[in-house]
Amino acid sequence: MLNLQTIHKPTTIVDALMLLTQSGVVALGGGTNLIAEKRRDVRAVVDLSALQLTFIETRGDGIAIGATTTLAQVVESVALCDAASGVVTQGARQTHANILRNQATVAGTLIAEPDGIFAVVLSALDARVTRAFLENDAVAQQEIALADFFAQREMFLHNALVTHITLPAESLKRHAAIETVARTPSDKAIVSVCAALEMENGIVRAGAVALGGVADTAWRARDAEREILHQGLTDDVLDRAAMAATSALHPSNDPSVSLRASFRGSAEYRTIMARVLTARALRGIRG
């Protein structure tokens, strides 16, 4: 933010949204990514800390996490520590070291790291994102599935603010597991997988498998989910699910989707590890 001139600190969402309609003005949550980017087009920021969007609340439809809630608060939350086998807590802990967890916010992390492990966990738990925007000079709200948010995030965030993320009550009862691979134990994951399943007498009644590090955003492995639905988690089922995990990411199946590659891992490596980690996560749930 080399051209920063003004820091606004509104106390109402209406005021914040009005400021965000101005050119060169962006929202500031924890600032961990915005400050590092050193954007020249930003001349003013809207500090969101006074908008009362820092909360973790149990509601009738699940648990709502406020946009400016920090990852440290997620890690420390009693409401989240046992939800879905504790994967929300684990995902928040693995996203950043402690010093950054005290600063990084939930919404900021999802926006800045849409393929990160925290996004992967929330994707596997069918999280929904709520935004606030101005409509006829009044605040309106819209809720959207996390996958749709990632696919349309520029449009979704245009002159708008994320207010909270909701984890549906039914998803919080699932048995879940996270598996990752990184260069070192303290490094960010190159590939990550979160599986979250509703089990009944050893049979999968519902659930999700989400991958990170294979596409630009957290990716739901729908083919893998179909392989395990209404099945017991036998070795054969796990093998089929693992092979299916990346099938829809192959360019020949969908030209708009391609496997991610970088100096940290080739597309081939990420494909192999996504399959390995999918099997591990499902095996971890099976026990």
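If you read the sequence shown in the numbering used here, its first letter stands for residue 421, the second for the next number, and so on. Heads up, the beta-carbon is just placed ideally off N, CA and C, and yes, glycines get one too.
In this chain, the alpha helix (DSSP H) harbouring Glu645 covers Arg642 to Ile648. Here DSSP, grouped into helix, strand and coil, assigns Thr604 to coil. Residue pairing by DSSP places Ser443 opposite no residue, since no beta bridge is assigned to it.
Scanning the region 555-610 from its first residue to its last, the whole beta strand (DSSP E) runs of 3-plus residues come out as 558-565, 580-588 and 595-601. The criterion of a C-beta distance shorter than 9 Å is not satisfied by Arg573 and Gln561. The three-state reading of DSSP puts Asp461 in coil, since its state is none of H, G, I, E or B.
Leaving aside the five residues that flank Val495 on each side, the residues in its chain whose CB is nearer than 8 Å to its CB run, in chain order, Thr509, Ala512, Arg513 and Arg521. Annotated three-state conformation of Val613 is strand, per DSSP. Close CB contacts of Arg642 within its chain, under the 7 Å cut and outside five residues either way in sequence, are with Ala668 (chain order).
A straight line joining the alpha-carbon of Leu545 with that of Ser591 spans about 5 Å. Residue burial is scored here from C-beta neighbours: Pro534 has at least 16 other C-beta atoms within 10 angstroms and is therefore classed as buried.
Contact fails between the region 642-659 and the region 571-587, because fewer than three Cβ pairs, one in each stretch, are under 8 Å apart. A contact is defined here as three or more CB-CB pairs under 8 Å, and the region 578-597 meets this definition with respect to the region 475-487.
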